[in-house]
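Input: a single structure, listed below in structure tokens.
Residue numbers (this note's numbering), protein chains in the order written: chain W, 43 to 398; chain R, 43 to 398.
This is how it looks when you write it as structure tokens:
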């Protein structure tokens, strides 16, 4: 097992990464009552094992199973979770265990952030995307019809248990979607990690356990360092949104579903690389490396066909848009992100280039 | 104008108390966009003045008017606020101005806590209850059918503007309900303030401006000191809940409405004083002084008639109940609260004594 610590003073917490960890009662910091929140795909696979471990850790367990998929990340499902917590009479000492992917983590984390003004929660991410991304940094949220993640809170978990064995049951497409965020960590923050990914992409796609553990660990290290420096995203944390302004627009345009989040981010990263070239920051050869790496991961490099107006409209809803002018996360070089406003004409040219 | 500061490191904020303050643009720390959240009783009285001051402070203004009353403090109204913020395209730099009483402050504060994972807000409390209680400490929440304030967050305002002139339009009954929390601050935290209240109750009921400013100021000072020591209510902040476990039960039993919050707390304080006597902590003469002070403020001293089972059931839903056993805030003396578990039989006896 590998462990790293997200350093946030009294909100610091460990991320444990390894194989077979979900069964280890000693990794769940809880007692009293635990509410396991999971979805109807993950529940048949892992709920019984997690329940057993949590009970062995000394807690009474209630569980809430929500539907699979992004549609579940709304007020209706959130209220189902609250109903269950309240009818089970859970008090402030209860702990929520989020067992599942990013949707479950965001939803259960937001429930924990707001139930009785905040209770503890433990993340047990079962997708690669959740292991490398949402498990670090405490962002929780639900969607609103007018935008993704529009309602949320910063709420750090007490612990993260990332069991790469649970990735054995992950569909290929979702594994690849998770690799998009892994690639993002390299591209935005660490050129050496990009090189490692170029050498090890085949192993990752073949679910080589050691390669997966390294990719999860390095992603979490990179993200944890950023979060420790800027928990509330007032500066460098925005670098983690590399590719996301375009990615969110793709998800919104296609109705949150046809494109997985990681697929939309993959395409968004290619656009952002093209934009970085057009803003005269990035060498064209590096943009080509990004595009090639995304393609090798089996991820889409081309965005869906949308009118220029539609792109701008969708991006103006993005949270990163302050006072109407969209600031983009661009690359000065592989592994070196920066944030700056860009003229709309360059954005359209970058989208056009990515679509080639 | 009197000013005091709630000391919470980087979340510290000023509370300004005086007459005519809502018109002073310099007291609103904002620019960019402001969303004024108010209700349909307060809007005709003060919205235009606050809007003018906020615009003079340099902000574009949108406003959201919600229905008056506790019923508005739920998911439906919260979503109306979010809809307005999103359709107005408010970004993370927007500021919410909560203009109204406790319901508006709690609702708008929770909207600010969770909109795009948290934006700034300014409290402009227009009831005595809100000026002496909810304006200090950052508790925000909405109600759930199964319990009051069950969903919420700790989110400190950037500033509080307490204009005692706005109390001129407050109905007598609401003025008295606010006095319940003023009395609570004395009874739980400061015997000298109890004496001041015994000497000045007539002036307060006559809305003497200087007396009101002193009562608001001293309440805020007492509460601010507690909040600075224990922001998240892990220890002494619980003392501020004196009378509230019983008060919440009364509100829940009567359906949130017939008893104002302050009236329920007033009755709850009398029960808690009787319970403190029965737990052999408080002198009977001091319990009698509390009862007399509550009565002089024109507040109810007797609880509604409920079966013992119903009391226990309602109190077990209280957030302060950990693992099924209810801990009560009791008094060792006037101005000296403590927290301890109590046998159910004593609770029933105290309720019976209060009902005499």
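Every residue, glycine too, gets a C-beta built ideally from N, C-alpha and C.
Here the structure is a predicted model, which is why all the values come from computation and not from measurement.
In the DSSP assignment, residue 186 of chain R falls outside any alpha helix (DSSP H) and lies within the beta strand (DSSP E) extending over 181–186. Annotation: the segment 239–317 of chain W contains the following complete segments of the alpha helix (DSSP H) (minimum length 4 residues), in chain order: 251–271 and 286–295. The beta carbon of residue 294 of chain W sits closer than 8 Å to the beta carbons of 189, 190, 356 and 359 from its chain, once the five residues preceding and following it are set aside; these are given in chain order. Note that the segment 222–241 of chain R does not touch the segment 197–212 of chain R; fewer than 3 beta-carbon pairs, one per stretch, sit closer than 8 Å. Boundaries of the beta strand (DSSP E) around residue 76 of chain R: 74–81. Contacts with chain R at 8 Å (Cβ-Cβ) do not include residue 70 of chain W. Rounded to whole angstroms, residue 379 of chain W and residue 373 of chain W show a C-alpha spacing of 4 Å. From the beta-carbon of residue 193 of chain W, the residues of chain R found nearer than 7 Å are 124, 156 and 157.
Identification of chain W residues near residue 283 of chain R by a Cβ-Cβ cut-off of 7 Å yields none; the smallest Cβ-Cβ distance measures about 13 Å. For residue 142 of chain R, the enclosing beta strand (DSSP E) stretches over residues 137–142. In the three-state scheme derived from DSSP, where H, G and I count as helix and E and B as strand, residue 45 of chain W is classed as strand.
Residue state for residue 104 of chain R is assigned as strand, using DSSP reduced to three classes.
Contacts between residue 245 of chain R and chain W, judged by CB atoms closer than 8 Å, are missing: the closest CB pair is about 36 Å apart. Across the segment 125–136 of chain W, CB contacts with chain R closer than 8 Å involve 125, 128, 129, 131, 133, 134 and 135, in sequence order along the chain.
Per DSSP, the continuous beta strand (DSSP E) segment holding residue 379 of chain W begins and ends at 378–383. Between residue 144 of chain W and residue 114 of chain W, the gap from beta carbon to beta carbon reaches 8 Å or more. With a cut-off of 8 Å on Cβ pairs, the segment 276–289 of chain W is in contact with the segment 300–315 of chain W, counting three or more such pairs. Contact with chain W is absent for residue 242 of chain R, since none of that chain's Cβ atoms lies less than 8 Å from the residue's Cβ.
Residue 279 of chain W and residue 345 of chain R have their C-alpha atoms roughly 53 Å apart. Contact of residue 100 of chain W with chain R is not assigned, every C-beta pair being separated by 8 Å or more. Taking the C-beta atoms as reference points, residue 255 of chain W is found no nearer than 8 Å to residue 62 of chain W.
Residue range 369–375 is occupied by the beta strand (DSSP E) that includes residue 374 of chain W. According to DSSP, residue 58 of chain W shares a beta bridge with W/45 and W/203. The C-beta of residue 190 of chain R comes no closer than 8 Å to any C-beta of chain W. With 16 or more neighbouring CB atoms inside 10 Å of its own CB, residue 192 of chain W falls in the buried class.
For residue 240 of chain R and residue 333 of chain R, the gap between their C-alpha atoms comes out near 12 Å. DSSP lists W/157 and R/184 as the bridge partner or partners of residue 193 of chain R. For residue 183 of chain W, the chain R residues whose C-beta falls within less than 8 Å of its own C-beta are 159, listed in chain order.
At least one CB atom of chain W sits nearer than 8 Å to the CB of residue 121 of chain R. By the beta-carbon neighbour count (other beta carbons within 10 angstroms, threshold 16), residue 175 of chain R is buried. With 16 or more other Cβ atoms from the protein chains shown falling within 10 Å of its own Cβ, residue 339 of chain W counts as buried. Contacts with chain R at 8 Å (Cβ-Cβ) do not include residue 354 of chain W.
Residue state for residue 343 of chain W is assigned as coil, using DSSP reduced to three classes. The continuous beta strand (DSSP E) containing residue 164 of chain W extends over residues 162–167. Judged by pairs of C-beta atoms under 8 Å, the segment 69–85 of chain R touches the segment 128–143 of chain R, as three or more such pairs exist.
The C-alpha of residue 303 of chain W is placed about 57 Å away from the C-alpha of residue 387 of chain R.
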